[in-house]
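Data first, discussion second: the structure below is written as structure tokens.
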Amino acid sequence: MDLFEGLGSEFAPPAPAPERPRRVKKPKPVAPPTAPLAPPAPVDLNAPPAVPLADTLTLANFAHPQATREVVLGSARVAYEFKRGKRKTIGFLVGAEGLSVRAPRWVALRDVDAAIHEKSDWILRKLTETQQRHARVEATRIEWKDGAGFPFLGEPVVMRLDPKHGFASVGGTLDDAVEEGGPRVLRLAVAQNAEPSQIRDAAQAWLMRQARKLFIERLDHFAPLLGVQWQKLSLSNASTRWGSASADGSIRLNWRLIHFRLPVIDYVVAHELAHLRVMDHSHRFWETVESVVPDYDLLRRQLKDEAVPRWG
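Note that the sequence shown covers residues 65 to 376 in the numbering used here.
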């Protein structure tokens, strides 16, 4: 408590009238400071142009040359060959030409479409793998001229046209490499001005002779190990099959196998001989193959993945 409060107030001059309070203007809110704008990025004149949106929506296209039906699977349009036949289930085959579908005569088309969509992941994967394999094969297309090359038993070979060499009866001979670590030289009894088709035919004849000789050696090696006897060997030129076997002991092997390494050839030879014991691809069949080719699965993948030279 203040002890002097009110002392002598009666002698004090009258207090001035209170002033009217002034209206205080509220300050306008100030916007928070903003970060300065970043300068525009420099333009890279060497950068690829932007991809138009329409192009990003373009469907991949897989078309069989004998296609009769078409379906869209995910981001791909698949035109496939469709046939009906005497079979119990719907079957799918993805080959070099594209997708083929086989169905029983009584199956409705809507059921065929449903089966295709159910297998779409597998179909697209196989079509993509086949397309990529075809691209690799095209990259190995042989130019039939002096100095061109191809693999022989997994190793590079270079062709030299040498009509004066003394091997007209056998068509060619394989020399050692000119340089250490370099390719071996296949000398063909063909004129320097020969047509590409003549060079190709001479090279094919030589390769087929080598293939027949080697295949017989490997058949004779594996047949006793598997307890079977083969009767006849034929060379094939199939585009989608490496070999086949008949119950009568006949064996067919694709002569183009001669491009692969010997272990891959051995796998195919053992595979066909194993069919003389087990005429299907059951678990017992693969056990039979494994008994003579333990790493058959690895060799099988190599056979599928390695590009075979394009002849044409």
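The beta carbon of each residue, even a glycine, is placed where N, CA and C say it ideally should be.
Please report the residue range of the beta strand (DSSP E) in which residue i lies.
{"i": "P220", "result": "219-225"}
{"i": "P168", "result": "162-168"}
{"i": "S298", "result": "296-300"}
{"i": "K152", "result": "Run containing K152: none; DSSP gives neither H nor E here."}
{"i": "A172", "result": "Looking at the DSSP string, A172 is not in any beta strand (DSSP E), and its letter there is neither H nor E."}
Quick one: residues in its chain with C-beta nearer than 8 Å to the C-beta of residue i, no 5 flanking neighbours on either side, listed in chain order?
{"i": "S261", "result": "W208"}
{"i": "A140", "result": "L123, A124, N125, F126, L188, L191"}
{"i": "E202", "result": "R374"}
{"i": "S283", "result": "It is Leu, not Ser, that sits at residue 283 in the sequence shown. Closer than 8 Å at Cβ, skipping near neighbours: W294, L297, I315, V333, L337."}
{"i": "P168", "result": "R148, G149, K150, R151, K152, T153, I154"}
{"i": "P113", "result": "Residue placement at P113 cannot be trusted, given a pLDDT of 42 that sits under 50; what the coordinates show is reported in the next sentence. Around P113: no qualifying Cβ."}
Determine the contact status of residue i and residue j, defining contact as a CB-CB distance below 8 Å.
{"i": "P227", "j": "A267", "result": "no"}
{"i": "S314", "j": "Q293", "result": "no"}
{"i": "L299", "j": "Y331", "result": "no"}
{"i": "L238", "j": "A275", "result": "no"}
{"i": "F146", "j": "V158", "result": "no"}
{"i": "L163", "j": "Y144", "result": "yes"}
Please return the same chain residues whose Cβ sits closer than 7 Å to the Cβ of residue i, not counting the five positions on each side in sequence.
{"i": "H198", "result": "A160"}
{"i": "G218", "result": "F324, R325"}
{"i": "V356", "result": "F286, L289, L290, A334"}
{"i": "K183", "result": "F156"}
{"i": "D312", "result": "Q295"}
{"i": "A240", "result": "A small correction: the amino acid at residue 240 is Asp; Ala does not occupy that position in the sequence shown. Answer for D240: R248, listed in chain order."}
{"i": "V372", "result": "V201, R320, H323"}
Using 7 Å as the cut-off, classify the Cβ of residue i as near or not near the heavy atoms of the ligand HEM, replying yes or no.
{"i": "D265", "result": "The ligand HEM is not part of this structure, which contains no ligands at all."}
Starting from residue i, follow the alpha helix (DSSP H) in both directions and report where the run begins and ends.
{"i": "L367", "result": "360-369"}
{"i": "T204", "result": "Note, T204: premise wrong, no alpha helix (DSSP H); not H, not E."}
{"i": "I263", "result": "260-290"}
{"i": "I315", "result": "First-last for I315: 314-318, but that is the beta strand (DSSP E), not the alpha helix (DSSP H)."}
To which residues of the same chain is residue i closer than 6 Å at the C-beta, ignoring the five residues directly before and after it?
{"i": "L317", "result": "F279, G307"}
{"i": "V135", "result": "V142, I180"}
Original post:
Does the count of Cβ pairs from the region 301-316 and the region 246-255 closer than 8 Å reach three?
Top reply: Contact between the region 301-316 and the region 246-255 is absent, because fewer than three Cβ pairs lie under 8 Å.
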